[in-house]
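Enquirer: My numbering numbers the first residue of the sequence shown as 1057 and each following residue consecutively. Below: one structure in structure tokens.
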Amino acid sequence: MHIHLTLNGEQTTWDTAPHELLLTALRRAGMWSVKHGCETGECGACAVLLDGKLINTCTRLAVQAHGAAIETLEHLAPDQPGRRDNDLHAPSPQATLHPLQRAFIETGAIQCGFCTPAQLLAAKALLDQNSEPDEAQVREAIAGVLCRCTGYARPVQAVLRAAAQLRGEPVPPVEMPAITVGGLADQQPHAPPDDTPEFPDDSFGGRPVDTLTRTRLPVMVVAQPETHVVNKAETKVDAVKLAKGRPVFTDDMTLPGMLHAALLTSPHAHARIRSIEVAAARALEGVHAVLTHQDVSRVMYASGGQSYPQPHPYDQVSLDSKVRHVGDRVAVVAAETPEIAQRALALIEVDYDVLPAVLDPLAAMQEGAPQIHDEADAVGIHDAAHNRSHHIHVKHGDLEKGFAEAAWTFEHEYRVHQVQQAAIEPHACITYWDEDDRLVVRTSTQVPFHVRRIIAPLLACPCAASASSSRASAVASAANRKCSWRTSAHI
Ligand code: FES
């Protein structure tokens, strides 16, 4: 069906399916600043201005935009022929960047930049209505856009700064908090030593206060030598492209001939796969591969892998003949489109031998509880018979002395549910063999070295044998030029 709308000031017509999301239609139209986040309207990364109001595009159909005017970040400061992105201080009004974008860069309000396009639009919507907002109004305006890394102090500072600039008021250079000698962890209130430099009038208890966050700033406890870089504000090298919402994240990428993967996952909490039939899925036109546990090497690994040597237990394989939770991996399909991949999943027939499940951590540790990891080749499980995967004992200070000296002691049992961080960016990955026959992995991670260390053995890559440490792994990889890893999260 056809709909008519105004996109970034231009009349346009879209041919869209009734079920197509506005998010999908905008990204299909090249609006890559509209980020694909949670798909449930919680993170706000996909927000645009619709008739001047900030709305989430992942919970709205494209057809609902019929007759509306949509503004995306691409319209905030349109690209101009002959101007370079990094021309940060080009004179207004011909500047490449909008004052909001400049202020976000200058104040350090951008870390990974995934939330930045939506935060900028939220700020624009506010300033369009209110040219002189206070801090609370700014916080309220951007509250619907979650930030996973920067937080809100800097974006609020940026919006207030841009508002002042747009009113024609002079703004001072951005100053960074001083670095504490001895580390930022030393946050205990204490009287400043005699040689502490003078503090501004709004100091608190001898320590300066951030006027936006009301938190005490670190104290410089000894005189610092004049330096060129340390204690100076520095512009992130990738700040401009992030402030413009360029397609830099994994999910923004598309390659010619790219295949799309889809996972078949377990509907059971605990089951053994008796048989799995994939012939029909493999025969479907557009399907290039269907993999099950019968097709991949059985290499045990630890999925955390946050350090070297990787802590135990090594209790996972890529695809197993047993599933241990609802959503556990059963099969993977690679197809020419996501839709074909989904159709192929529906053609896979799995015969499960459903086993008793453990749903409570204390019950799981009792004698006779169903054993989740009964495989013989797992390495380093602390107590497999009682489902105790790992054991960590941490001792800090003198516990008895602490209790004896405490004014009050409380004895209760506390339980917390499993916590998933607000990742915002989808867990996504694109891989390809490059022109030098290297495997390139572009994925949403902060640490490509961890990804390489975990994946390389699973794929029997040559650099896996050399991965005795992150650095050695990197060197080995460079030397044999067989594995290359790239990351799309710049934090
Ligand atoms: Fe906000 Fe990373 S800068 S999500």
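Heads up, the beta-carbon is just placed ideally off N, CA and C, and yes, glycines get one too.
Between the Cα of T1321 and the Cα atoms of K1378, L1082, T1283, which residue gives the shortest distance?
Expert: Comparing Cα-Cα distances from T1321 to each of K1378, L1082, T1283, the minimum goes to K1378.
Enquirer: Measuring only the C-alpha atoms, how far is D1351 from C1205?
Expert: In a straight line, the C-alpha of D1351 is about 39 Å away from that of C1205.
Enquirer: What is the DSSP secondary structure of L1202, counted as helix, strand or coil?
Expert: Reduced to three states, the DSSP call for L1202 is coil.
Enquirer: Evaluate Y1357 with the Cβ neighbour count: other Cβ atoms within 10 Å of its Cβ, from every protein chain shown; 16 or more gives buried, anything less gives exposed.
Expert: Result: buried.
Enquirer: Quick check: the stretch 1158–1166 against the stretch 1311–1330, are at least 3 beta-carbon pairs closer than 8 Å?
Expert: Output reads no: the stretch 1158–1166 does not touch the stretch 1311–1330.
Enquirer: Output yes or no for whether 8 Å exceeds the beta carbon distance between V1201 and C1168.
Expert: Contact flag unset, no.
Enquirer: Can you give me the C-alpha to C-alpha distance between D1493 and C1517, rounded to a whole angstrom?
Expert: In a straight line, the C-alpha of D1493 is about 12 Å away from that of C1517.
Enquirer: Between P1482, E1491, L1182, G1123, which has its C-alpha nearest G1093's C-alpha?
Expert: Among P1482, E1491, L1182, G1123, the Cα nearest to that of G1093 is on P1482.
Enquirer: At a cut of 8 Å, does the stretch 1468–1480 reach the stretch 1089–1104 through at least three beta carbon pairs?
Expert: Yes: the two stretches touch, three or more of their Cβ pairs being nearer than 8 Å.
Enquirer: Reducing DSSP to helix, strand and coil, say where L1319 ends up.
Expert: It is a strand residue.
Enquirer: Looking at the secondary structure, which residues open and close the alpha helix (DSSP H) in which Q1215 lies?
Expert: Reading the sequence as shown, one finds Val at residue 1215 and not Gln. Note, V1215: alpha helix (DSSP H), 1209–1222.
Enquirer: When you compare the CB positions of L1106 and E1076, do they come within less than 8 Å of one another, or not?
Expert: Contact flag unset, no.
Enquirer: At a threshold of 7 Å, does C1203 count as lining ligand 1 (C-beta to nearest heavy atom)?
Expert: C1203 Cβ: within cutoff of ligand 1.
Enquirer: Checking the sheet assignment: what are the DSSP bridge partners for S1331?
Expert: Paired residues: D1407.
Enquirer: May I ask you to check if the CB of D1114 is nearer than 7 Å to at least one heavy atom of ligand 1?
Expert: In the sequence under discussion, the amino acid at residue 1114 is Cys, which differs from the Asp named in the question. No, since every heavy atom of ligand 1 falls outside the 7 Å radius drawn around the Cβ of C1114.
Enquirer: Measuring straight from C-alpha to C-alpha, what distance separates D1071 and T1113?
Expert: Going from the Cα of D1071 to the Cα of T1113 covers about 17 Å.
Enquirer: In terms of residues, what are the limits of the alpha helix (DSSP H) holding A1397?
Expert: That run of the alpha helix (DSSP H) goes 1394–1402.
Enquirer: How is R1354 classed by DSSP in three states: helix, strand or coil?
Expert: Coil.
Enquirer: Apart from the five residues on each side of it in sequence, which residues of its chain come closer than 7 Å, Cβ to Cβ, to V1343?
Expert: Answer for V1343: A1337, V1389, A1391, I1396, A1400, listed in chain order.
Enquirer: With a Cβ-Cβ cutoff of 8 Å, do L1411 and P1426 count as a contact?
Expert: Yes, they are a contact pair.
Enquirer: Report yes or no: do three or more beta-carbon pairs, one from the stretch 1126–1133 and one from the stretch 1079–1091, lie closer than 8 Å?
Expert: Touching, per the Cβ criterion.
Enquirer: With a threshold of 7 Å (Cβ to nearest heavy atom), would F1170 be considered close to ligand 1?
Expert: Because some heavy atom of ligand 1 lies under 7 Å away, the Cβ of F1170 counts as near it: yes.
Enquirer: Could you check whether P1281 and A1218 sit closer than 8 Å to each other, using their CB atoms as the reference points?
Expert: In this structure, P1281 does not lie closer than 8 Å to A1218 by Cβ.
Enquirer: Any chance the stretch 1361–1370 sits against the stretch 1442–1459, with 3 or more Cβ pairs inside 8 Å?
Expert: Taking 8 Å as the limit for Cβ pairs, the verdict is that the stretch 1442–1459 does touch the stretch 1361–1370.
Enquirer: Compute the Euclidean distance between the alpha carbons of R1498 and T1080, then round it to the nearest angstrom.
Expert: Rounded to the nearest angstrom, the two C-alpha atoms are 21 Å apart.
Enquirer: Could you give the distance in angstroms between the alpha-carbon of T1152 and the alpha-carbon of G1207?
Expert: Straight-line Cα distance between these residues: approximately 26 Å.
Enquirer: Between which two residues does the alpha helix (DSSP H) harbouring E1130 extend?
Expert: No alpha helix (DSSP H) holds E1130; DSSP gives it neither H nor E.
Enquirer: Please determine whether the Cβ atom of Q1167 lies at a distance below 7 Å from any heavy atom of ligand 1.
Expert: Q1167 Cβ: within cutoff of ligand 1.
Enquirer: DSSP beta-bridge partners for W1088?
Expert: In DSSP, W1088 forms no bridge with anything.
Enquirer: Beta-carbon of A1199 versus every beta-carbon of chain B: anything under 8 Å?
Expert: Absent from the structure: chain B. Only one protein chain is present.
Enquirer: Please name the residue, chosen from A1289, T1291, Q1398, R1195, that lies closest to L1315 on a Cα-to-Cα basis.
Expert: The shortest Cα separation from L1315 among A1289, T1291, Q1398, R1195 belongs to Q1398.
Enquirer: Does I1166 come out as helix, strand or coil in the three-state DSSP assignment?
Expert: Coil.
Enquirer: State buried or exposed for P1134, treating a residue as buried only when at least 16 other CB atoms are found within 10 Å of its CB.
Expert: Flag for P1134 reads exposed.
Enquirer: Say the cut is 7 Å; is the CB of T1206 nearer than that to a heavy atom of ligand 1?
Expert: Yes - ligand 1 has a heavy atom lying nearer than 7 Å to the Cβ of T1206.
Enquirer: Is it buried or exposed for F1466, if we count other Cβ within 10 angstroms and need 16 for buried?
Expert: When all chains shown are included, F1466 counts as exposed.
Enquirer: For a test of the three-state rule: what should DSSP assign to T1310, helix, strand or coil?
Expert: Here T1310 sits in coil by DSSP.
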